[in-house]
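In the working numbering, the protein residues as written are 557 to 887. We treat Cβ as the ideally placed atom computed from N, Cα and C, and that holds for glycine. All values reported here derive from a predicted model rather than from experimental measurement.
In structure tokens form, the structure reads like this:
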């Protein structure tokens, strides 16, 4: 192939941002900011993409910032303070009702990754929400997904349970339990595994009640998506590669998790990661099924956070995830 033709071909390859095309070391990295709810173990694909250099290989220089809330995260996106958001994806639909459009371009966490833990030995394992009667249940502050899920559970299909939701900041729920400000806590990994290592027990899981669920997504504003489709593709590529790595290299993922969460004991990290992988909480790819989206939207509609239909077509764009998956050659 003549040198001029080869050069032209390589330039076209890079300009179209084909999935997993290695970026030239001579090209400057494009700086982007990803706002996240917080430094959350569930977001492991994001941290793997950072630690393994997948973002950089896609030509992106990523900075992570924590907002402390799902709503705050998407606000950072629509105001341009961040190019991407990692949080509850339904806030794209909630924001659209307020005239601030956005799209979910990748799924990051699936299902309902919450478990109810208790230290009190008198509280036995249960499946019926009626067992919450008279109890104080700690969740993250509204309008977090944690609060929304617990509110849904206590509505009990039209037969409300007389229990009290006690709200607390992320990372404080175990302390609330130990101080007896709550009887039970609805929490995520690795906090659940930390709690069980300290003598608590998992007494309830809402996952079976809510089914497949769009819990966390990678979101962008409509305006950024329209103007920067190549950058969006590269970000989705990197996270797709990270998910493939997590599935193929458990030990490598444990090392990354321990580096990102040094305050958590390695055995707890291992237990937490096993739970998330076995239950599909960390999915095998970034594709977000319409059914999972609809379950999440239905929850927000039922508790009054969303009035519109929150249609999949209007709020979700899986074209980037499909292209990334095709480029990865994953099955």
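Using 10 angstroms around the beta-carbon of residue 587, count the other beta-carbons present and answer buried if the total reaches 16, otherwise exposed.
It is exposed - the Cβ of residue 587 has fewer than 16 other Cβ atoms within 10 Å.
Measure the alpha-carbon distance for residue 786 versus residue 775 and round it to whole angstroms.
Rounded to whole angstroms, residue 786 to residue 775 spans 15 angstroms at the Cα level.
Shortest alpha-carbon distance to residue 769 belongs to which of 690, 725 and 850?
Ranking 690, 725 and 850 by Cα distance to residue 769 puts 850 first.
Which residues in the same chain have their Cβ closer than 7 angstroms to the Cβ of residue 733, if we skip the five residues on either side of it in sequence?
So the list reads 675, 694 and 741, once near-sequence residues are dropped.
What's the call for residue 639, buried or exposed, on a 16-neighbour Cβ count within 10 Å?
Buried, by the Cβ-count rule.
Check this for me: beta carbons of residue 772 and residue 841, under 9 angstroms apart or not?
Cβ distance not < 9 angstroms, so residue 772 and residue 841 don't count as in contact.
Which word fits residue 703, buried or exposed, when buried means at least 16 other C-beta atoms lie within 10 angstroms of its C-beta?
It counts as buried.
First and last residue of the uninterrupted alpha helix (DSSP H) at residue 875
Per DSSP, residue 875 belongs to the alpha helix (DSSP H) from 875–884.
So, helix, strand or coil for residue 674, using DSSP?
Here residue 674 sits in strand by DSSP.
Among 583, 845 and 642, which residue has its Cα nearest to the Cα of residue 591?
For residue 591, the nearest C-alpha among the options comes from 642.
Span separating the alpha-carbon of residue 803 from that of residue 829:
So the alpha carbons of these two residues sit roughly 11 angstroms apart.
Relative to the alpha-carbon of residue 749, which residue among 673, 589 and 716 has its alpha-carbon at the smallest distance?
Ranked by Cα distance from residue 749, the first of 673, 589 and 716 is 673.
Selected residue, minimal CA-CA separation from residue 871, among 853, 691 and 708:
For residue 871, the nearest C-alpha among the options comes from 853.
When DSSP labels each residue in this structure, what does residue 826 get in the three-state scheme?
In the structure shown, residue 826 sits in a helix (DSSP, three-state: H, G or I).
Helix, strand or coil, according to DSSP, for residue 658 in the structure here?
Residue 658: strand per DSSP, three-state reduction.
Residues bridged to residue 721 [DSSP beta-bridge criterion]
By DSSP's assignment, residue 721 forms a beta bridge with 693.
Measuring CB atoms only, is the segment 713–720 touching the segment 675–693, in the sense that at least three cross pairs come out at less than 8 angstroms?
Yes, the segment 713–720 touches the segment 675–693.
Cβ of residue 715 within 9 angstroms of any chain C Cβ
The structure shown contains no chain C, having only a single protein chain.
Among the residues of its own chain, which have a CB less than 8 angstroms from the CB of residue 624, if the five just before and after it don't count?
Around residue 624: 593, 594, 725 and 726.
Quick check: what's the CA-CA separation for residue 761 versus residue 791?
Near 32 angstroms, if we compare the C-alpha coordinates of residue 791 and residue 761.
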